[in-house]
DNA sequence: CATGAATGAGTATTCATTCAT
DNA sequence: AATGAATGAATACTCATTCAT
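Protein chains in written order, with the working numbering: chain A, 1 to 212; chain B, 213 to 424; chain C, 425 to 636; chain D, 637 to 848.
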């Protein structure tokens, strides 16, 4: 029997905490795309901020567009552990989780002085239908988000009026979040986000009352 | 309150139907910014599609950024006559007007095979806080939109539970519209838009029932 | 009646002898492509040697490839006045003209210390079939060359054996010239060129003898 | 005369039919240089098509230029066995061998849909005098070619008029071949090649007649 | 010998803007 | 106002080569 190769993740020697070139490129791109948008971010800026030189980028990615899709894939991977898990950890109550999730986004926009919005929403609007591969990944991110929330609402099914569709409700939560984040960023204020979320909470309250 | 500047129609002699150079620049810019975004649209493309040459653009506008603010001012001018007026013409019922307005956006996105979103929302997300003049105009567009809808809801005040804030409700309508348009564009489908609007309609129904 | 516009060739003010930007680009490109080949010539070198800056090149030409086709068109224009006319001026004898033409190429390669070959032949071999537009122009240059020589030989028809095809003979003159120029450049010597031309001259002598 | 270096077949253990890394690099380079030219061929393309990685290339060759000279040496090695031998095998008649050789080139260009020319001629024109080492090898290839043909014609000496120089005649055969291949490639047709070869054959016929 | 990441100067081209006419 | 050439920094990307493992 052949001895199993130790299967190291690429490079043999990297100090603990250091990030590989590829990872640094993705993280830096993600941050810059979020701050400035895709088109406003020059490859040379990514290179400078990641401390990578031009040739290396193209060793790992065919071009800027694949950096974009790489970032969107990375967001998809992070959605569960980074976005949904904390909301699930906060409470067992399905509806509580929905508003914990919205709280996560509230903290996110507040924490950057309104400089950033929803990474997916930003790219969704900036790129439109012009980059099919990116659009497909945007769609998958939205799907995964909706699936997770719909899953929670499914559990709370009997608390809503008969015939209430948990998935449609999840979509409504998503539109509220995206619209709220957009307005908060434009107005540089949490007020519109809070107003929208409060109305959504009111809706859930009325739904639960109507069910009983 | 600022006095409205008496917008003069520039040159005296122009054949009926012809558009001035300035107007052609604004219209073309508006279309291209909507289709592709601000950064993805090159000045040379605007020039070519408007049939204007470089020197002329800079005669009318100091630079590309003023083209952007010009477009946003133009949207602000159009909001009343082009967006709100049709909804008001459709029905006298305030809540009916809200959903007529949402119908207007539904038709707008359907009519372009999902190629375009909300012009203001797109620019809001793409530009973030990087262009203060533009951001201020985005904000004024959102304000004017919210004001108009809040005005309608004010009229219907007694149909909602005591203490319901018409402006907060208007913000909620706006977040639903923006979120719905975003998802429709990303998914290339009216389904998420329709789902969100249906939930909003349900909320209004529950509100009206709760009021009585 | 409208007064006829003076139809100036582009720019109003240019000192006598000065060349337009477009002309400078074509001349510089022609020279560099001849010295180094198409691929070995960088756009930045053309720019520097022509004293033109990047933007201006792309104002006149869509790209490097159109610079190439521009050069080939320019050669086609020059073929009559610069290449054929001197040979025709030298003698009225058709066969004499053929060898006057070959003498022109002899002087051309000798005059550059073997640094340059036939501009068309060089590009023909370097580009092969990869650039269809350029290849078509190479072909037209060869056609025009062959036509001119065939025209001369036509006049001398009765000096050759019955059935001798003047065009095939012209092609043979061209292959001899191109092959001779190639060998002269590779060997850095006129010897192979002279040897080939001497054999060709011998062939013509034998043809004329065989006719009588 | 230089002693021939005893070219060792490098490593002892290689499965029959497998090619060494070095051989794969040379073959791939030869093919790509022929198809696209030297400058248009990127080292990374050679690497990819040969299935070799960057470090290995530079283990065998100091740089791209030595790949070029390696290819030209390889052509020189092949000239006898691959190019001349078949013509010699076809017939014992010296003049017959000349036209058998030209037939070999005819088949060569026809067999590639005019995509390739004479490997040596292509490089001769593309590189000019810029790469001394390569130019010297181009020259040696042409010399060897001419020597071989001159050797045949030497044997047929008494069939030509007294004083006919076999070497000059061999050069003429070479210019006809190179010119013919060039025109065939440019015109994407065998017609000019055939026309030139037919004239050359006619010349040989007249020479032989004049001798008797 | 092989691997593949790293290097950074170089490529062709586009950008928004300015200028002289 | 209009024209279109000029400007030159910036764009995304490729090049041949080197290096550590």
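Cβ atoms here follow ideal geometry from the backbone N, Cα and C, with glycine treated the same way. Treat the numbers as computed from the prediction; the structure is a model and nothing was measured.
Helix, strand or coil at residue i [DSSP, three-state]
{"i": "residue 749 of chain D", "result": "coil"}
{"i": "residue 189 of chain A", "result": "coil"}
{"i": "residue 802 of chain D", "result": "helix"}
{"i": "residue 517 of chain C", "result": "coil"}
{"i": "residue 128 of chain A", "result": "coil"}
{"i": "residue 148 of chain A", "result": "helix"}
{"i": "residue 41 of chain A", "result": "coil"}
{"i": "residue 665 of chain D", "result": "helix"}
{"i": "residue 264 of chain B", "result": "coil"}
{"i": "residue 61 of chain A", "result": "coil"}
{"i": "residue 846 of chain D", "result": "helix"}
{"i": "residue 354 of chain B", "result": "helix"}
{"i": "residue 558 of chain C", "result": "helix"}
{"i": "residue 660 of chain D", "result": "helix"}
{"i": "residue 524 of chain C", "result": "helix"}
{"i": "residue 1 of chain A", "result": "Residue placement at residue 1 of chain A is flagged as unreliable, the pLDDT there being 44, under the threshold of 50; the coordinate-derived value follows with that caveat. Residue state, collapsed to three classes: coil."}
{"i": "residue 655 of chain D", "result": "coil"}
{"i": "residue 792 of chain D", "result": "coil"}
{"i": "residue 161 of chain A", "result": "coil"}
Residue i versus residue j: straight-line alpha-carbon distance, rounded
{"i": "residue 179 of chain A", "j": "residue 120 of chain A", "result": "13 Å"}
{"i": "residue 567 of chain C", "j": "residue 251 of chain B", "result": "49 Å"}
{"i": "residue 631 of chain C", "j": "residue 586 of chain C", "result": "10 Å"}
{"i": "residue 658 of chain D", "j": "residue 83 of chain A", "result": "53 Å"}
{"i": "residue 349 of chain B", "j": "residue 383 of chain B", "result": "17 Å"}
{"i": "residue 278 of chain B", "j": "residue 256 of chain B", "result": "15 Å"}
{"i": "residue 324 of chain B", "j": "residue 341 of chain B", "result": "28 Å"}
{"i": "residue 848 of chain D", "j": "residue 541 of chain C", "result": "39 Å"}
{"i": "residue 275 of chain B", "j": "residue 346 of chain B", "result": "13 Å"}
{"i": "residue 670 of chain D", "j": "residue 589 of chain C", "result": "33 Å"}
{"i": "residue 298 of chain B", "j": "residue 317 of chain B", "result": "12 Å"}
{"i": "residue 688 of chain D", "j": "residue 660 of chain D", "result": "8 Å"}
{"i": "residue 444 of chain C", "j": "residue 454 of chain C", "result": "15 Å"}
{"i": "residue 367 of chain B", "j": "residue 305 of chain B", "result": "9 Å"}
{"i": "residue 571 of chain C", "j": "residue 131 of chain A", "result": "52 Å"}
{"i": "residue 781 of chain D", "j": "residue 715 of chain D", "result": "7 Å"}
{"i": "residue 139 of chain A", "j": "residue 745 of chain D", "result": "52 Å"}
{"i": "residue 628 of chain C", "j": "residue 759 of chain D", "result": "31 Å"}
Same chain only: Cβ atoms within 8 Å of residue i, ignoring 5 sequence neighbours per side
{"i": "residue 762 of chain D", "result": "673, 674 and 675"}
{"i": "residue 216 of chain B", "result": "Confidence is the limiting factor: at residue 216 of chain B the pLDDT is only 42, short of 50, which leaves the residue's position unreliable, though a coordinate-based value still follows. Around residue 216 of chain B: no qualifying Cβ."}
Same chain, Cβ closer than 7 Å to residue i, neighbours up to 5 away in sequence not counted
{"i": "residue 266 of chain B", "result": "259"}
{"i": "residue 201 of chain A", "result": "99"}
{"i": "residue 70 of chain A", "result": "26 and 61"}
{"i": "residue 452 of chain C", "result": "470, 473 and 474"}
{"i": "residue 738 of chain D", "result": "813 and 833"}
Proximal chain A residues relative to residue i, where beta-carbon distance stays under 8 Å
{"i": "residue 415 of chain B", "result": "199, 202, 203 and 206"}
{"i": "residue 397 of chain B", "result": "124, 125, 128 and 129"}
Partners in chain D for residue i, counting only beta-carbon separations shorter than 8 Å
{"i": "residue 602 of chain C", "result": "811, 814, 815, 818 and 819"}
{"i": "residue 545 of chain C", "result": "761 and 818"}
Chain-ordered chain B contacts of residue i [CB-CB under 7 Å]
{"i": "residue 42 of chain A", "result": "Within chain B, no residue comes near residue 42 of chain A; the closest Cβ sits about 11 Å away, beyond 7 Å."}
{"i": "residue 135 of chain A", "result": "398"}
{"i": "residue 210 of chain A", "result": "418"}
Cross-chain neighbours of residue i in chain B, by beta carbon under 8 Å
{"i": "residue 172 of chain A", "result": "388, 407, 408, 411 and 412"}
{"i": "residue 60 of chain A", "result": "Correct list: empty, because the minimum Cβ distance to chain B is about 24 Å."}
Chain-ordered chain A contacts of residue i [CB-CB under 7 Å]
{"i": "residue 312 of chain B", "result": "Chain A residues near residue 312 of chain B: none, gap ~19 Å exceeds 7 Å."}
Nonlocal neighbours in the same chain, by C-beta distance under 6 Å from residue i, ignoring five residues either side
{"i": "residue 710 of chain D", "result": "662"}
{"i": "residue 620 of chain C", "result": "600 and 604"}
{"i": "residue 270 of chain B", "result": "none"}
{"i": "residue 634 of chain C", "result": "585"}
{"i": "residue 395 of chain B", "result": "404"}
{"i": "residue 194 of chain A", "result": "none"}
{"i": "residue 159 of chain A", "result": "208 and 211"}
Partners in chain D for residue i, counting only beta-carbon separations shorter than 7 Å
{"i": "residue 562 of chain C", "result": "822"}
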